[in-house]
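Working notes for the structure below.
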Amino acid sequence: MNVLEVESLTKHFPIRAGLLQREVGRIRAVDRVSFHVARGETLALVGESGCGKTTVARCILRALAPTSGAIRFTQEGGEIVDLAPLSRRALRPIRRQMQMIFQDPYASLNPRMLVGDIIAEPLLVNGVPAATRQARVLELLELVGLPAVARSRFPFAFSGGQRQRIGIARALALNPSLIVADEPVSALDVSVQAQIINLLLDLQDRLRLSMLFVAHDLGVVRHVSDRVAVMYVGRIVETGPTTALYDRPLHPYTAALMASVPKPDPDRRDATPPLAGDVADAANIPPGCAFHPRCPHAVARCREIRPELRETIPGRMTACHRAEELTLAGVD
Amino acid sequence: MADTTQPLLSVRDLVVDFGLDQGTIRAIDKVSLDLYAGRVLGVVGESGCGKSVTARAILGILDRPGRVVSGRILLDPGTGKEQDLATLANDSLALREVRGQRIGLIFQEPMTALSNHYTVGNQLIEAIRAHRKDLSKADARAKAVTLLGEVGIPRPDGRIDAYPFQLSGGLRQRVGIAMALAGEPDILIADEPTTALDVTTQAQILLLLRRLQQDKRIALMLITHDMGVIAQMADEVAVMYLGAIVERADVRALFKAPQHPYTRALLRSVPSIRATPRERLASIGGAVPHPGRRPTGCPFHPRCPEVITGRCEATLPRPVLAGVDGAACLHAEASA
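Quick look at the structure:
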């Protein structure tokens, strides 16, 4: 069963200019994006800056109103609701079922609140009685590997990794059906990052979390995700199970992303960059396939016809005209 | 493996303190390193390890209240031209000439070195003429166009009149590299030059840096937190932790047989694109302590999986020497 089904999600930002602030163009930040998150599954949304992955996450949490498309969310009782058209008021009872883990553990915790109160806040807002709150806070602290005494301290007393644990405890407080994590480990040092990745893996096992994991680091994504959706300039270019997608990418952009990760082996140095040029401008997307100006495999139809995301082999979706004929190298 | 040629720059027993109200914090503790023409020294470590402070101390651009307490920063050591940069005032003419003309700096964020109010050309021409006062404006402009071409900017004769904000992040970093090269330095310090960039752009910029460094036989000090970048770029590596170099090694030796427990742990904790599904990482317990609460003895001992109780907290391991492979660790001393 799917916790989340996103269909044709589109978010355009108007570019306004002139005295009358007339719309002179549009930034197609997210353009007809479709995917789902199954219960107990972690789907990673990966791509480079400006690809729209964070905008997708913000639309799902309804921090942004989508331009069009559907965001079907399965509530605790099993009832399915489309979040896209809902008013702020109608969203309120649903919000507690979707929680967010933020990138910056320094900016996302109120420095004037005790850690115990930070974690208890979602419980308080949702009317959980005080005695239950206290017990739940202790349970959550233990779950994320923090000592019970942490509840009576302020965030500044904690390191970046510990703060991220606090943020995770707060996100888990109400047993949400879906967690949206936006680059949750990218601000952390490697040694601490490893601890938080391990914690997320443990929590996935223990709680069967359903998670949308937004990230740019392909190594992190390989460790924590079950499936991957790769975005390029506002569109999904490829989805598939993590191992299959890394071993054999079907879209040339996915292959180039993987080849661009510096190999931790001094005997295998790259002689040429895997991909030339820059990411396309979302205000001026190339016609046809948005990736064609950088694609080493582009042919005439790539410049003219936009490839739709379609099932190219069972369980794999690819937006590439040539997916079937290309043999691309995965990680080796 | 010690290089037999003369280093262009030798840092010896560098100590940098930051005097704060709460007390003095030792940011750099007896760091020694050598930079050689045509070679890349990779400096790797986590935040707060002192890798950037080392670079800023060399250039005499430490942020207040940081100051060099002791140690030498020798330019052209062992030659008639030898000068100790540590003895020069930060704003002295001599040091200003060293910055730019002998040592170029590439920042993580290229806008640190660029202004959005002037065109790329204006800024680059000014940097070129600061170094080559004999060049006419037209000649300096021609040189700027050549330089922009060299760093891989397409259509350099048009882009020279662009403002930095009109360029993508990758192009801006290329301009940042052109700025660092404007004074034709033979030493480059690049402080996390690709950390703010996307992975496909990073691959381009790293290869550009390597090509320029090799073509011009530049001594490059490359500061990064990324072991992958180290593997791709460095000849020698210095691993830093809490203000000290804890290991120095040839890059192949470092990846094949890391000597310091911190290096070993750091290499194991990097997420891999070759991981098996749901693979746990070997993490290092705890967090890097605040530099103001530096542990006694070996600074890594509270987190070290191989700590010798009773010794590591009491004994400061011998510092790593420049030009000699080794680890600042009692285990390494015992096996030496």
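Heads up: the protein sequence lines correspond to chains A and B, in order.
Oh and the first sequence: position 165 is 165 in the working numbering, straight run, nothing missing.
So the number in the working numbering is just where the residue sits in the second sequence, counting from 1, plus 1000.
Here a beta-carbon is modelled for each residue, glycine too, at the ideal position from N, C-alpha and C.
Considering only their Cβ atoms, is the gap separating B:His1225 from B:Val1044 smaller than 8 angstroms? For B:Val1044 and B:His1225, yes; Cβs fall inside 8 angstroms.
Any C-beta of chain A sitting closer than 8 angstroms to the C-beta of B:Phe1300? It does not; no Cβ of chain A falls within 8 angstroms.
Chain B contact residues for A:Ala44, given Cβ-Cβ distances below 8 angstroms: The premise fails here: A:Ala44 is roughly 12 angstroms from chain B at the closest Cβ pair, so nothing lies under 8 angstroms.
I want to see whether chain A comes within less than 8 angstroms of B:Ala1005, judged by CB atoms only; does it? Before going further, note that residue 1005 of chain B is Thr rather than Ala in the sequence given. No, B:Thr1005 lies away from the interface with chain A (no Cβ there is under 8 angstroms from its Cβ).
Would a check of beta-carbon distances place B:Gly1243 closer than 8 angstroms to chain A? Closer than 8 angstroms: no.
Under three-state DSSP, which class holds B:Gly1038? Here B:Gly1038 sits in coil by DSSP.
Starting from the C-beta of A:Met317, find all residues in its chain whose C-beta is less than 6 angstroms away, skip the five residues before and the five after it, and write them out in chain order. These residues qualify, in order along the chain: Thr239, Leu309, Glu311.
DSSP state of A:Glu5 mapped onto helix, strand, coil: Three-state DSSP puts A:Glu5 in a strand.
Taking just the CA atoms, how far does A:Leu9 sit from B:His1260? Computed Cα separation, rounded: 50 angstroms.
Could you tell me how far apart the beta carbons of B:Arg1217 and B:Gly1071 are, in whole angstroms, since I believe they sit closer than 8 angstroms? About 27 angstroms separates the two Cβ atoms, so there is no contact after all.
Heavy atom of the ligand PLP less than 7 angstroms from the Cβ of B:Glu1279, yes or no? This structure lacks the ligand PLP, and indeed carries no ligand of any kind.
Tell me which residues of the segment 231-261 of chain A have at least one Cβ-Cβ distance to chain B shorter than 7 angstroms, keeping chain order. The residues in question are Thr242, Thr243, Tyr246, Ala256, Leu257, Met258, Ser260, Val261.
Between the CA atoms of B:Asp1191 and B:Arg1268 - distance to the nearest angstrom: Near 24 angstroms, if we compare the C-alpha coordinates of B:Asp1191 and B:Arg1268.
With a 10 Å radius around its C-beta and 16 neighbouring C-beta atoms as the bar for buried, classify B:Gly1080 as buried or exposed. Within 10 angstroms of the beta-carbon of B:Gly1080 lie fewer than 16 other beta-carbons, which makes it exposed.
Tell me the DSSP secondary structure of A:Thr243 in three-state form. Helix at A:Thr243.
In chain order, what residues of the segment 19-45 of chain A put their CB closer than 9 angstroms to some CB of chain B? Only those residues of the segment 19-45 of chain A whose C-beta falls short of 9 angstroms from the nearest C-beta of chain B would be listed, and there are none.
Which residues in chain A have a C-beta closer than 7 angstroms to the C-beta of B:Ser1047? List them in chain order. At a beta-carbon threshold of 7 angstroms, the residues of chain A lying near B:Ser1047 are Asp189, ordered along the chain.
From the DSSP output, in three-state form, read off B:Gln1108 for me. Note: B:Gln1108 maps to coil in three-state DSSP.
Counting only Cβ pairs nearer than 8 angstroms, list the residues of chain A close to B:Ile1273. Annotation: Cβ neighbours of B:Ile1273 in chain A (cutoff 8 angstroms, chain order): Leu218, Gly219, Arg222, Tyr246, Met258, Val261, Val331.
Local conformation of B:Met1233 per DSSP, three classes: Helix.
If you count every other CB in all the chains shown that lies within 10 Å of the CB of A:Glu324, and 16 or more means buried, which is it? Answer is exposed; the Cβ neighbour count stays below 16.
Taking only three categories from DSSP, how would you classify A:Phe158? DSSP places A:Phe158 in coil when its eight states are reduced to three.
Could you give the residue range of the beta strand (DSSP E) that holds B:Met1221? Per DSSP, B:Met1221 is one residue of the beta strand (DSSP E) stretching across 1219-1224.
Would you mind stating whether A:Val331 and A:Met258 have Cβ atoms separated by less than 8 angstroms? A contact, by the Cβ cut-off of 8 angstroms.
Buried or exposed for B:Ser1010, please, with buried defined as at least 16 other CB atoms from any protein chain shown within 10 angstroms of its CB. That one is buried.
Nearest-angstrom Cα distance between B:Ile1205 and B:Thr1194? Taking the straight line from one Cα to the other gives about 7 angstroms.
In whole angstroms, give me the CA-to-CA distance for B:Gly1100 and A:Pro66. Roughly 49 angstroms between the two C-alpha positions.
What residue range does the beta strand (DSSP E) around B:Leu1188 cover? 1187-1191 is the span of the beta strand (DSSP E), which, as asked, contains B:Leu1188.
Chain B within 8 angstroms of A:Glu142, Cβ atoms only: No, because no Cβ of chain B sits closer than 8 angstroms to the Cβ of A:Glu142.
Would the beta-carbon of B:Ser1047 fall within 8 angstroms of that of A:Ala194? No. Outside cutoff.
Collapsed DSSP secondary structure at A:Glu311 in the structure displayed: The three-state secondary structure of A:Glu311, taken from DSSP, is strand.
Where the beta strand (DSSP E) containing A:Ser34 begins and where it ends: Annotation: the continuous beta strand (DSSP E) that includes A:Ser34 extends over 22-38.
Kindly indicate if chain B contains any beta-carbon less than 8 angstroms away from that of A:Val56. False, the Cβ-Cβ gap to chain B never drops below 8 angstroms.
Quick check: what's the CA-CA separation for B:Leu1105 versus A:Val261? Taking the straight line joining both Cα atoms gives about 25 angstroms.
Write down the C-beta distance between A:Ala157 and A:Val137 rounded to the nearest angstrom, noting that I regard them as a contact closer than 8 angstroms. Cβ-Cβ separation between A:Ala157 and A:Val137: approximately 17 angstroms, too far for a contact (criterion under 8 angstroms).
Tell me the DSSP secondary structure of B:Tyr1118 in three-state form. B:Tyr1118 falls in the coil class under three-state DSSP.
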